[in-house]
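Structure record follows, encoded as structure tokens.
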Amino acid sequence: MQFVEIYKLKTGGEQEVIARCEIGDGGIVKCLGDKIFVSNLEKEGIFEYSESGRSETKLFPKDGLKFLEQLSYNFKSGYLNASDIKNI
Amino acid sequence: MKFFGGEPQHLETEEKPHSAGENLETQKEKALQSLEIERSVKLIGNANNKRINEVFLVELHGDGSAIFKPASGEKFPFDWAGELYKNERASYLVDKFLGFNLVPTTVIREVNGEIGSMQEFVFESTVGLEIDDKLLKTNYRDALKKMWVFDYIVWNGDRHDANFLVNSDGLHAIDHGLTFVREHIQPSIYEDFYDESMPEDIIRNLEQFSDSAEQQNLLRQAMLEILNERTVDACLKRIEFMAAILKKYKGVIPKSLKPSLNY
Chain P
1 MQFVEIYKLK TGGEQEVIAR CEIGDGGIVK CLGDKIFVSN LEKEGIFEYS
51 ESGRSETKLF PKDGLKFLEQ LSYNFKSGYL NASDIKNI
Chain U
89 MKFFGGEPQH LETEEKPHSA GENLETQKEK ALQSLEIERS VKLIGNANNK
139 RINEVFLVEL HGDGSAIFKP ASGEKFPFDW AGELYKNERA SYLVDKFLGF
189 NLVPTTVIRE VNGEIGSMQE FVFESTVGLE IDDKLLKTNY RDALKKMWVF
239 DYIVWNGDRH DANFLVNSDG LHAIDHGLTF VREHIQPSIY EDFYDESMPE
289 DIIRNLEQFS DSAEQQNLLR QAMLEILNER TVDACLKRIE FMAAILKKYK
339 GVIPKSLKPS LNY
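If you read the protein sequences in the order shown, they are chains P and U. What the first sequence shows, in this note's numbering, is residues 1 to 88, in sequence order. What the second sequence shows, in this note's numbering, is residues 89 to 351, in sequence order.
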């Protein structure tokens, strides 16, 4: 199963996982974690980035692997970072 | 994973918020520029992803922490790799001169032989995406309006609710690598506020800046150290244009003007 972890940089300097998004049955992504964060993520989606920058195309959990792949482009500030796609 | 022991430290050099037109190097800028780096750790996430830009958390000797983004770690977008750290600094300069107080203090600095942007770490903060959307737009409406105007001025190609923060000091806009983007790329804003009254302070600050040839020249010279002339002059024109709109329409940006908010 493929998944991505999203880390929050805390005041003390540590990073903790605040959400985990994984591909479930049917190829749809399911996110678990901080309630408001996950709700906003699923409701508002994320942007799609390409080599030339960001498009206004939005991706949602139903977009499956593409959504997972784009998480690390959306969360890269340091305060919120997304991992590479991991496998278990 | 915990990077640093002990209590976190704010950048202790307390300063009043910027007034429009402040041009001197601030105490915080000096601190970020010169304090010895005690520790530097690559953050998880960016560390493992070779396609995404690297980000480090650095601990400054005796005073505070910072986010460091080296130019060599810029891998995305490929068109801009190696330039993003300059945009981070340029965005801060615009914010400083306009007195918007949105962008944490940002300098360009070398760390372990790598040049990049060094930005004051914002403590006790919550990312926009962690906040209920309705609450955000109610409680921080004025700050979001200010950020909207700011994003037009710096022609921000990448604003969303994961690159601004909120804490007891208010709203902080971060992640300005994709500002001053190409002319054909429209700014990507978080939210627009056409036909709503803009906060008094940004109306005043923009007018004040537009009335001061000296301040405009100082900002121009500071930005020319890192960006090309065409980009800098386009930015200054946008400031002038925005100030004129707010003056003419009594603090409101009419939706009918949307097509004219150009590069």
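Don't be surprised by glycine CBs; every beta carbon is placed ideally from N, CA and C. Since we're looking at a predicted model, the values are computed, not measured.
Who are the near neighbours of residue i in its chain, counting only those whose CB is closer than 7 Å to its CB and skipping five residues on each side?
| i | result |
| --- | --- |
| LEU251(U) | Here residue 251(U) turns out to be Asn, not Leu, going by the sequence shown. Excluding sequence neighbours, ASN251(U) sits near ILE262 and ASP263. |
| VAL320(U) | ARG308, MET311 and LEU312 |
| LEU345(U) | ILE333 |
| MET330(U) | VAL237, TYR240, ILE241 and LEU294 |
| GLY12(P) | none |
| LYS130(U) | GLU142 and PHE144 |
| PRO275(U) | ASP239, TYR240, TRP243, ASN244 and GLY245 |
| LEU349(U) | TYR240 |
| PRO342(U) | TYR282 and ASP283 |
| ASN227(U) | none |
Measure the CB-CB distance between residue i and residue j and report whether it falls below 8 Å.
| i | j | result |
| --- | --- | --- |
| VAL237(U) | ILE273(U) | no |
| LEU232(U) | TYR278(U) | yes |
| GLY64(P) | ILE28(P) | yes |
| PHE67(P) | ILE46(P) | yes |
| LYS35(P) | TYR79(P) | no |
| GLY245(U) | VAL215(U) | no |
| GLY170(U) | ALA159(U) | yes |
| GLY133(U) | SER55(P) | no |
| SER213(U) | ASN255(U) | yes |
| ARG20(P) | GLU42(P) | no |
| GLN2(P) | GLU22(P) | yes |
| ASN141(U) | LYS86(P) | no |
| LEU186(U) | HIS260(U) | no |
| LEU120(U) | ARG229(U) | no |
| ASP183(U) | ASN40(P) | no |
| SER298(U) | GLU328(U) | yes |
| GLU288(U) | VAL340(U) | no |
| PHE188(U) | LYS116(U) | no |
| GLN48(P) | GLN70(P) | Rather than Gln, the amino acid found at residue 48(P) in this sequence is Glu. It is a contact, given that the beta carbons lie within the stated cut-off. |
| GLU126(U) | PHE37(P) | no |
In chain P, which residues lie less than 7 Å from residue i when you measure between Cβ atoms?
| i | result |
| --- | --- |
| VAL269(U) | GLY53 |
| ASN293(U) | By Cβ distance, chain P contributes nothing, its closest Cβ being about 26 Å from ASN293(U), past 7 Å. |
| ILE327(U) | Residues of chain P passing the Cβ test: none, with the nearest at roughly 23 Å. |
| GLY245(U) | GLY53 and ARG54 |
| PHE221(U) | Looking at the sequence itself, residue 221(U) is Asp, so the reference to Phe does not match. Ordered by position in chain P, the residues that pass the 7 Å Cβ test against ASP221(U) are ASN40. |
What does a CB cutoff of less than 8 Å around residue i pick up in its chain, not counting 5 residues either side in sequence?
| i | result |
| --- | --- |
| MET128(U) | With the sequence shown as reference, residue 128(U) is identified as Ser, and Met is not the correct amino acid for it. The answer, listed in chain order, is PHE144, LEU145, VAL146, GLU147, PHE156, VAL199 and ASN200. |
| LEU324(U) | GLN304, LEU307 and ARG308 |
| ASP25(P) | none |
| LEU223(U) | none |
| THR57(P) | PHE47 and GLU48 |
| ILE314(U) | LYS174, ARG177, ALA178 and ILE196 |
Here's a check: name, in chain order, each residue in its chain whose Cβ is nearer than 6 Å to the Cβ of residue i, leaving out the five neighbours to either side.
| i | result |
| --- | --- |
| ALA135(U) | The predicted model places ALA135(U) with a pLDDT of 45, which falls under 50 and marks its position as unreliable, so this point remains unresolved. |
| PHE60(P) | GLY45 |
| LEU266(U) | GLY245 and ASP246 |
| ILE203(U) | ALA159 |
| GLU271(U) | TYR351 |
| ALA82(P) | VAL4, ILE6, LEU71, SER72 and PHE75 |
| TYR180(U) | VAL191 and THR194 |
| GLU162(U) | ASN141, ALA169, GLY170 and LEU172 |
Applying a beta-carbon distance threshold of less than 8 Å, which residues of chain U neighbour residue i?
| i | result |
| --- | --- |
| ASN74(P) | HIS248 and ALA250 |
| ASN63(P) | First, the residue type needs correcting, since residue 63(P) is Asp and not Asn in the sequence shown. Result: empty, since nearest Cβ-Cβ is about 17 Å, beyond 8 Å. |
| ASN81(P) | LEU131, ILE132, GLY133, ASN134 and VAL143 |
| LEU59(P) | None at all; the shortest Cβ gap to chain U is about 12 Å. |
Taking Cβ-Cβ distances shorter than 8 Å, what residues in chain P pair up with residue i?
| i | result |
| --- | --- |
| ASP276(U) | A quick correction: the sequence has Ser, not Asp, at residue 276(U). Chain P residues near SER276(U): PHE47, ARG54 and GLU56. |
| PHE211(U) | THR11 |
| ASP263(U) | LYS76 and SER77 |
| LEU253(U) | TYR79 |
Under 7 Å between beta-carbons, which chain U residues line up against residue i? List them in chain order, please.
| i | result |
| --- | --- |
| GLY33(P) | What GLY33(P) touches in chain U: nothing, since even the nearest Cβ is about 11 Å away. |
| PHE37(P) | LEU217 and GLU218 |
| ASN87(P) | By Cβ distance, chain U contributes nothing, its closest Cβ being about 13 Å from ASN87(P), past 7 Å. |
Residues of chain P with a CB under 9 Å from the CB of residue i: which are they?
| i | result |
| --- | --- |
| ILE155(U) | LEU9, SER77, GLY78 and TYR79 |
| ILE362(U) | The requested residue 362(U) is not part of the displayed model; chain U covers only 89 to 351. |
| LEU403(U) | Chain U is shown only over 89 to 351; residue 403(U) falls outside these bounds and no answer can be derived. |
Are the region 201-219 of chain U and the region 148-162 of chain U in contact at 8 Å, needing three or more beta carbon pairs? yes
Quick one: complete beta strand (DSSP E) runs, 3+ long, within the region 263-326 of chain U? none
Which runs of the beta strand (DSSP E) at least 3 residues long sit entirely within the region 148-208 of chain U? Give them in chain order. Segments of the beta strand (DSSP E) lying fully in the region 148-208 of chain U: 153-158, 194-199 and 202-208.
Residue ranges of each beta strand (DSSP E) run of no fewer than 3 residues wholly in the region 7-43 of chain P, ordered along the chain? 15-23 and 29-33
4-residue-minimum alpha helix (DSSP H) runs that sit fully inside the region 202-250 of chain U, ordered along the chain: If only complete runs of 4 or more residues are kept, the region 202-250 of chain U shows the alpha helix (DSSP H) at 221-227 and 229-241, in order along the chain.
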